[in-house]
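Going by numbering that gives the first Met the number 0, the residue at position 64 of the sequence shown is 63; the numbering climbs one at a time, nothing skipped. For glycine and all other residues, C-beta sits at the position ideal for the given N, C-alpha and C. Bear in mind that the values here come from a model prediction, so they are computed numbers and not experimental data. Below is one structure, written out as structure tokens; the observations come after it.
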Amino acid sequence: MKYEGALTARAWREVDLGAVSHNAAWLQGRMGPGCRLMAVVKADAYGHGAVPVAISLEEQGVRSFAVACLAEGAALRRQGVDGLILVLGYTPPEEAGELARWRLTQCVADEFHGRALSAGGMPLEVHLALDTGMHRLGIPAEDHEAIARTWALPNLKVTGTFSHLCVSDSPRPEDRAFTQVQLDRFYGAVARMAASGLDPGQVHIQASYGILNLLPQRCAWARAGIALYGVYSRGEDRPASDPLRPALSLRARVAALRTLPAGEGAGYGLAFRAGGDTKLAVVTIGYADGLPRMLAQAGGEVLIRGARCPMAGRMCMDQLLVDVTGLPQAAPGDVVTLIGRDGGAEIRAEEVAARCDTITNEMLSRLGNRLPIRYHP
Ligand SMILES: *Cc1c(COP(=O)(O)O)cnc(C)c1O
Numbered sequence: 000m001k002y003e004g005a006l007t008a009r010a011w012r013e014v015d016l017g018a019v020s021h022n023a024a025w026l027q028g029r030m031g032p033g034c035r036l037m038a039v040v041k042a043d044a045y046g047h048g049a050v051p052v053a054i055s056l057e058e059q060g061v062r063s064f065a066v067a068c069l070a071e072g073a074a075l076r077r078q079g080v081d082g083l084i085l086v087l088g089y090t091p092p093e094e095a096g097e098l099a100r101w102r103l104t105q106c107v108a109d110e111f112h113g114r115a116l117s118a119g120g121m122p123l124e125v126h127l128a129l130d131t132g133m134h135r136l137g138i139p140a141e142d143h144e145a146i147a148r149t150w151a152l153p154n155l156k157v158t159g160t161f162s163h164l165c166v167s168d169s170p171r172p173e174d175r176a177f178t179q180v181q182l183d184r185f186y187g188a189v190a191r192m193a194a195s196g197l198d199p200g201q202v203h204i205q206a207s208y209g210i211l212n213l214l215p216q217r218c219a220w221a222r223a224g225i226a227l228y229g230v231y232s233r234g235e236d237r238p239a240s241d242p243l244r245p246a247l248s249l250r251a252r253v254a255a256l257r258t259l260p261a262g263e264g265a266g267y268g269l270a271f272r273a274g275g276d277t278k279l280a281v282v283t284i285g286y287a288d289g290l291p292r293m294l295a296q297a298g299g300e301v302l303i304r305g306a307r308c309p310m311a312g313r314m315c316m317d318q319l320l321v322d323v324t325g326l327p328q329a330a331p332g333d334v335v336t337l338i339g340r341d342g343g344a345e346i347r348a349e350e351v352a353a354r355c356d357t358i359t360n361e362m363l364s365r366l367g368n369r370l371p372i373r374y375h376p
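This is the structure we're talking about:
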């Protein structure tokens, strides 16, 4: 990859929209007939930029999107996203007017939330969340009376009914059995609704791991987040022949080089100590850009000129140190890759997340908006 002359930022994200498009098509191909991809673009599309991702998916024929909150939905509408936008999280009932104004479909968190939304007097399109065992949002799936009362609320038009699986990422037999319990509760509740004349609308229950690990479901939508971006929550979930393509790279620059004699310390707390004559590169990214601070002291590495180099000492807010003793060619201005490929080498998001005891979902969604995003078509 050539960078000469193209870049001005100190640190940036690169997003390959072609990879997102490939992943969307692959995920769509794993779904049953009649089931369509709902692209989960909450948290700024897990750090990939919600508006460009949604617009490019819409050009590819994706017709529905999921966000976490009203503001995220309104931002997509303002930029011209036209398809269904489902707000997966709670919206305060006093914001019902804004939901209607931006033509957002609101999730009903429970009967109490539904009553409060309806009491505002504003007609709203909603999807009923059913709690099938996660015990986060949703009307208890077995409580048909509460579902019926919520469905019948005067200002709510139920256009969908959904639930969320909480262990579909796990291969353990007891977790697989629990996923089946959740599916049975969900389809049971939907069947009882239909039998008593309450149209459930379009139903959906799978997220990324539900699509990856379950047989196709008889649903109208499947909601994919992390897999759409081509990464797995954890590296061990990645199959040997991985059909997905990671979309995001994270890069910075070498600001300066330092030569340290053996025994000299560097960085806050002098946490790095030079074992022998050492060359350090000062790199233009830090924890205020969304990188976990612990990465530097948890064995974090970067790529410079296609070579892996270890981070040194403590990460700073805006910078970090890298030991480039083994890379005499390193020079000020060099591109530093924190996530992504450089030459034949690659650092995957799963590797970085694992070092920091987290999942890629958290790590990517925290990448700060101080990092501009360059899009590849
Ligand atoms: C975040 C979220 C998703 C997407 O989850 P992934 O595992 O990233 O695919 C789907 N549904 C709900 C309700 C969510 O909160």
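Would you list the residues sitting across from residue i in a DSSP beta bridge?
i      : result
Leu155 : Leu123
Ala221 : Leu36
Lys278 : Thr258
Asp43  : Asp43 pairs with nothing; no bridge assigned.
Cys106 : His126
Val66  : Val86
Ile284 : For Ile284, which the question treats as bridged, DSSP gives no partner whatsoever.
Ile138 : Leu129
Arg252 : Val334
Hey, quick one: how far does the beta strand (DSSP E) through residue i stretch, first residue to last?
i      : result
Arg29  : Looking at the DSSP string, Arg29 is not in any beta strand (DSSP E), and its letter there is neither H nor E.
Val230 : Taken as a continuous stretch (DSSP letters only), Val230 belongs to no beta strand (DSSP E), as it is neither H nor E.
Arg340 : 334-341
Pro309 : 306-311
Asp15  : 10-15
Ile303 : 300-303
Gln201 : 201-203
His375 : 372-375
Ile346 : 344-346
Over the uninterrupted alpha helix (DSSP H) stretch that includes residue i, give me the two end residues.
i      : result
Ala270 : Element bounds for Ala270: n/a, residue is neither H nor E.
Val80  : Taken as a continuous stretch (DSSP letters only), Val80 belongs to no alpha helix (DSSP H), as it is neither H nor E.
Glu427 : Because the chain is modelled from 0 through 376, residue 427 falls outside the range shown and cannot be assessed.
Asp322 : No alpha helix (DSSP H) contains Asp322, which is instead part of the beta strand (DSSP E) from 319-322.
Tyr89  : Segment: none, Tyr89 is in no alpha helix (DSSP H) and carries neither H nor E.
Met192 : 172-194
His143 : 143-150
Could you pull out every residue in the same chain whose Cβ sits closer than 6 Å to the Cβ of residue i, ignoring the five residues on either side in sequence?
i      : result
Gly159 : His126, Gly200, Gln201
Arg369 : Asp288
Tyr385 : Beyond the ends of the chain as shown, which are 0 and 376, falls residue 385; an answer cannot be given.
Ala352 : Ile358, Thr359, Met362
Ile146 : Ile138
Gly132 : Gln181
Leu164 : Thr178, Gln181, Gly209
Gly367 : Asp288, Gly289
Met0   : Low confidence applies to Met0: its pLDDT is 35, below 50, so where it sits in the model is not reliable enough to give any reading.
Arg347 : none
Who are the near neighbours of residue i in its chain, counting only those whose CB is closer than 7 Å to its CB and skipping five residues on each side?
i      : result
Tyr374 : Val14, Leu16, Pro51
Arg191 : His143
Thr283 : Arg9, Ala10, Ala251, Arg252, Ala254, Gln318
Glu349 : Val230, Tyr231, Arg233, Gly234, Arg237, Thr359
Got a sec? Which residues, its chain only, sit under 8 Å from residue i by beta carbon, not counting five neighbours each side?
i      : result
Val19  : His47, Val52, Ser55, Leu56, Leu227, Tyr228, Gly229, Ala246
Ala5   : Unreliable positioning characterises Ala5 in this predicted model, as indicated by a pLDDT of 42, which lies under 50. A coordinate reading is not provided.
Pro371 : Ala8, Trp11, Arg12
Review point. For the region 252-268 against the region 209-223, are there 3 or more C-beta pairs whose distance is under 8 Å?
Key: no
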